[in-house]
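Here my numbering runs 134 ahead of the position in the sequence shown, where the first position is 1.
For every residue, glycine included, the Cβ atom is placed at its ideal position computed from N, Cα and C.
See below for the structure under consideration.
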Amino acid sequence: MNGPDLRSRPIIEVKNVRKEYPIGDETVVALKRINLSVSRGEICCIFGTSGSGKSTLLNQLAGMEKPTRGEVLIGGVPISRLNENQLAAFRQQHLGFVFQSYNLLPNLTATENVALPLMFRGVPKAQREAAARKLLTRVGLAHRLDHFPRQMSGGQQQRAGIARAFIARPDVVFADEPTGNLDSKTTVEIMDMICTFARDYHQTIILVTHDPEMAAYASRIVKLIDGEIVSNQVNPKERLPHEA
Numbered sequence: 135m136n137g138p139d140l141r142s143r144p145i146i147e148v149k150n151v152r153k154e155y156p157i158g159d160e161t162v163v164a165l166k167r168i169n170l171s172v173s174r175g176e177i178c179c180i181f182g183t184s185g186s187g188k189s190t191l192l193n194q195l196a197g198m199e200k201p202t203r204g205e206v207l208i209g210g211v212p213i214s215r216l217n218e219n220q221l222a223a224f225r226q227q228h229l230g231f232v233f234q235s236y237n238l239l240p241n242l243t244a245t246e247n248v249a250l251p252l253m254f255r256g257v258p259k260a261q262r263e264a265a266a267r268k269l270l271t272r273v274g275l276a277h278r279l280d281h282f283p284r285q286m287s288g289g290q291q292q293r294a295g296i297a298r299a300f301i302a303r304p305d306v307v308f309a310d311e312p313t314g315n316l317d318s319k320t321t322v323e324i325m326d327m328i329c330t331f332a333r334d335y336h337q338t339i340i341l342v343t344h345d346p347e348m349a350a351y352a353s354r355i356v357k358l359i360d361g362e363i364v365s366n367q368v369n370p371k372e373r374l375p376h377e378a
């Protein structure tokens with residue numbers, strides 16, 4: 135994905151994507167001819183209410199589902215044409231994820247959870263765990279390095295989730311309602327961390343939310359209604375993070 139031939143093009147390109155689901159004798163159209171380009175280093179919010187198609191679009195962008203028609207490219211790679219093994223390898227090398235439900239592995243410590251993406255890249259254990267401890271310290275979890283998820287609060291688990299998403303410096307990080315289970319104070323802290331890391335490492339963020347307060351952090355807001363993009367605008371009031 136790295137190279138001068140790709141640096142001038144958008145990091146994400148969605149071309150005429152349509153997604154249909156058969157339900158009984160009917161066909162439900164979840165996405166209707168979506169066209170979208172996202173630039174490198176951009177914080178792009180996919181905004182919409184429940185049922186708008188934003189989660190379906192996220193699944194297309196992350197290669198979780200294949201479109202009925204059209205294609206998705208990340209860094210010029212047509213991920214919608216890759217098989218499952220190719221997709222898994224691609225995600226490990228280029229994508230990061232922050233989930234609403236944290237998705238930490240319960241039998242691993244915070245350090246082990248955060249180090250996991252580096253294990254998939256073949257980084258030696260001592261090196262990857264040292265990197266994990268450094269990043270956990272940066273997100274305020276120096277006192278939780280050897281704790282299991284059940285020993286941490288929701289906000290602490292999400293901090294660990296952010297560290298895990300960013301540790302391998304992926305090109306794109308998908309954040310799916312990352313503060314949906316958190317109080318307002320913790321929400322601000324988490325969004326500040328995500329945006330600060332993204333700017334520090336010049337990474338692209340795809341933020342999926344129904345919350346206008348979270349959308350305010352985006353540099354561009356793409357609004358979906360009934361599976362269609364109804365607006366795609368630069369956010370003139372982008373909220374800048376405090377230093378994480």
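Spatial distance of residue i from residue j (CA atoms)
{"i": "Phe331", "j": "Gly158", "result": "45 Å"}
{"i": "Phe126", "j": "Thr320", "result": "Only positions 135 to 378 of the chain appear in the structure, and residue 126 is not among them; the question remains open."}
{"i": "Gln285", "j": "Leu341", "result": "28 Å"}
{"i": "Gly137", "j": "Arg143", "result": "Residue placement at Gly137 is poorly supported in this model, since its pLDDT is 42, which falls under 50; the coordinates are not used for a value here."}
{"i": "His130", "j": "Arg215", "result": "Nothing about residue 130 can be reported from this structure: the residues present for the chain run from 135 to 378 only."}
{"i": "Glu154", "j": "Arg272", "result": "43 Å"}
{"i": "Ala302", "j": "Arg152", "result": "32 Å"}
{"i": "Leu200", "j": "Asp360", "result": "For the record, residue 200 in the displayed sequence is Lys; it is not Leu. Approximately 19 Å between the Cα atoms of the pair."}
{"i": "Ile208", "j": "Asn247", "result": "26 Å"}
{"i": "Gly288", "j": "Pro251", "result": "21 Å"}
{"i": "Gly187", "j": "Ile296", "result": "25 Å"}
{"i": "Ala276", "j": "Val307", "result": "23 Å"}
{"i": "Val172", "j": "Arg278", "result": "36 Å"}
{"i": "Arg293", "j": "Ala265", "result": "15 Å"}
{"i": "Arg174", "j": "Glu147", "result": "11 Å"}
{"i": "Ser318", "j": "Ile355", "result": "21 Å"}
{"i": "Leu170", "j": "Ala222", "result": "23 Å"}
{"i": "Ser184", "j": "Asp345", "result": "11 Å"}
{"i": "Asn366", "j": "Pro375", "result": "22 Å"}
{"i": "Glu323", "j": "Gln234", "result": "15 Å"}
{"i": "Ile363", "j": "Pro258", "result": "44 Å"}
{"i": "Val163", "j": "Met253", "result": "39 Å"}
Neighbour-count burial assignment, residue i, 16 or more Cβ in a 10 Å radius
{"i": "Leu316", "result": "buried"}
{"i": "Tyr335", "result": "exposed"}
{"i": "Thr161", "result": "exposed"}
{"i": "Glu311", "result": "buried"}
{"i": "Gly210", "result": "exposed"}
{"i": "Met135", "result": "In this prediction, Met135 scores a pLDDT of 48, lower than 50, which makes its location untrustworthy; the coordinate-derived value is nonetheless stated afterwards. Classification for Met135: exposed."}
{"i": "Thr338", "result": "buried"}
{"i": "Ala118", "result": "There is no way to answer for residue 118, as the model of the chain reaches only from 135 to 378."}
{"i": "Met198", "result": "exposed"}
Anticipated Cβ contact below 8 Å, residue i with residue j, distance rounded
{"i": "Ala299", "j": "Phe231", "result": "6 Å"}
{"i": "Lys371", "j": "Ala350", "result": "7 Å"}
{"i": "Cys178", "j": "Thr343", "result": "So it is not a contact: roughly 11 Å between Cβ atoms."}
{"i": "Glu205", "j": "Pro212", "result": "5 Å"}
{"i": "Arg203", "j": "Asn150", "result": "7 Å"}
{"i": "Gln220", "j": "Arg255", "result": "With 8 Å as the limit, Gln220 and Arg255 do not qualify as a contact, their Cβ atoms being about 16 Å apart."}
Residue interval of the alpha helix (DSSP H) (run including residue i)
{"i": "Thr313", "result": "Per DSSP, Thr313 belongs to no alpha helix (DSSP H) and is neither H nor E."}
{"i": "Leu229", "result": "Leu229 -> not in any alpha helix (DSSP H); beta strand (DSSP E) instead, spanning Leu229 to Phe233."}
{"i": "Ser318", "result": "Ser318 to Tyr335"}
{"i": "Ala264", "result": "Lys259 to Arg272"}
{"i": "Thr343", "result": "Counting along the chain, Thr343 falls outside any alpha helix (DSSP H), though it belongs to the beta strand (DSSP E) covering Thr338 to Thr343."}
{"i": "Lys188", "result": "Lys188 to Leu195"}
Element boundaries [beta strand (DSSP E), containing residue i]
{"i": "Pro156", "result": "Ile146 to Ile157"}
{"i": "Val248", "result": "Segment Ala244 to Phe254 is the alpha helix (DSSP H) holding Val248; no beta strand (DSSP E) there."}
{"i": "Arg174", "result": "Here Arg174 belongs to no beta strand (DSSP E), and DSSP marks it neither H nor E."}
Residue i Cβ short of 7 Å to the ligand FMN heavy atom set
{"i": "Glu160", "result": "What this structure holds is no ligand at all, so the ligand FMN is not there to describe."}
*Mind the definition here: the segment 233 to 245 touches the segment 272 to 289 only if three or more C-beta pairs lie below 8 Å; say whether that holds.*
yes
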